[in-house]
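Protein chains: 2
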Amino acid sequence: MFSDLDPLLHSQLRLGIMSLLISVESAEFTFLKEKTNSTAGNLSVQLDKLSAAGYISIEKSFKGKKPLTTCTVTKQGIKAFEEYVNALKQYIKQP
Amino acid sequence: MFSDLDPLLHSQLRLGIMSLLISVESAEFTFLKEKTNSTAGNLSVQLDKLSAAGYISIEKSFKGKKPLTTCTVTKQGIKAFEEYVNALKQYIKQP
DNA sequence: ATATTTTGGTTTATAATATAAACTACTTTA
DNA sequence: TAAAGTAGTTTATATTATAAACCAAAATAT
């Protein structure tokens, strides 16, 4: 009847992150923080989880003298997102 | 950017329950259990939460000599579901 | 008749999760 | 050079989901 929803994507913040990354292809920590309206701590944790799952890649560098964290969605992440959306559609198909 | 997702509906099992109830208008505990592939304990807890939120109403009676729990979605539940779906669409809109 | 299993659940304990608070390290500004 | 700001990370806490354990009655087997 219903397919399982990938628990890694079935989280408001992680889904928001993925949604953004899919449309922009690369985003800075501060950009994601602002767009998702999240705290830095929460964002940091959720980015790590997405990264650990291989859904995004995280690159740490410097912009001038300040640390810069740049995130990119991976192929695997795009695939997982698409599958999540398809699974979700079974749930939200309205009569 | 992203609207909040109603945490009561942003749960695989509760979303499945609501999805079913919206399409059938009334369903028995055992029907929901089978369709959602959930354990009785988990289903019982989640039905209570939806009921406490006013999203569904639960009627307890007997079918012959056996207990019968019948669930119906409320107007408020339908509204919440629709709002959830609309909010969700912001997240899953693909490029 | 009575022991065993099944049905239809509820309650409770546990494991996982999300989230914010507290912290670090460095930089800019006063 | 002290205070405030930036860009994060780590850790503690509160919430949540979930299953395990339980209960009462009914059906079935012995």
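Which chain is which? The protein sequence lines are A and B, in order.
Reminder that position 30 of the first sequence reads as 30 in this note's numbering, one-by-one numbering, no gaps.
If you want this note's numbering, it's the 1-based position in the second sequence plus 100.
Backbone N, C-alpha and C fix where the C-beta goes; we use that ideal spot for every residue, glycine too.
Please return the same chain residues whose Cβ sits closer than 6 Å to the Cβ of residue i, not counting the five positions on each side in sequence.
i: Ser-151 (chain B); result: Ile-158
i: Lys-135 (chain B); result: Leu-120
i: Tyr-184 (chain B); result: Asp-106, Leu-109
i: Lys-160 (chain B); result: Thr-169
Return helix, strand or coil for residue i, following the three-state DSSP convention.
i: Phe-62 (chain A); result: strand
i: Thr-36 (chain A); result: helix
i: Leu-143 (chain B); result: helix
i: Glu-182 (chain B); result: helix
i: Ser-157 (chain B); result: strand
i: Thr-74 (chain A); result: coil
i: Leu-168 (chain B); result: strand
Out of the options, which has the shortest C-alpha to C-alpha gap to residue i?
i: Ser-26 (chain A); options: A:Ile-92, A:Glu-83, A:Gly-77; result: A:Gly-77
i: Tyr-55 (chain A); options: A:Ala-87, A:Gln-90, A:Glu-82; result: A:Glu-82
i: Lys-193 (chain B); options: A:Met-1, A:Asp-4, A:Met-18, A:Leu-5; result: A:Met-18
i: Leu-88 (chain A); options: B:Gly-116, B:Leu-132, B:Thr-174, B:Lys-163; result: B:Gly-116
i: Thr-30 (chain A); options: A:Ala-40, A:Lys-75, A:Met-1; result: A:Ala-40
i: Lys-179 (chain B); options: B:Met-101, B:Lys-165, B:Lys-166, B:Ala-153; result: B:Ala-153
Which residues in the same chain have their Cβ closer than 7 Å to the Cβ of residue i, if we skip the five residues on either side of it in sequence?
i: Glu-128 (chain B); result: Leu-168, Thr-169, Thr-170
i: Leu-32 (chain A); result: Ile-17, Leu-20, Leu-43, Cys-71
i: Gly-64 (chain A); result: none
i: Ile-122 (chain B); result: Val-173, Ile-178, Phe-181
i: Tyr-91 (chain A); result: Phe-2
Apart from the five residues just before and just after residue i, which ones in its own chain have a Cβ nearer than 8 Å to its Cβ?
i: Leu-113 (chain B); result: Thr-136, Ser-138, Asn-142, Leu-143, Gln-146
i: Ser-111 (chain B); result: Gln-146
i: Lys-149 (chain B); result: Leu-108, Arg-114
Return the first residue and the last residue of the alpha helix (DSSP H) that residue i is part of.
i: Gln-94 (chain A); result: Gln-94 (chain A) -> no alpha helix (DSSP H), and no H or E assigned at all.
i: Ser-123 (chain B); result: 112 to 124
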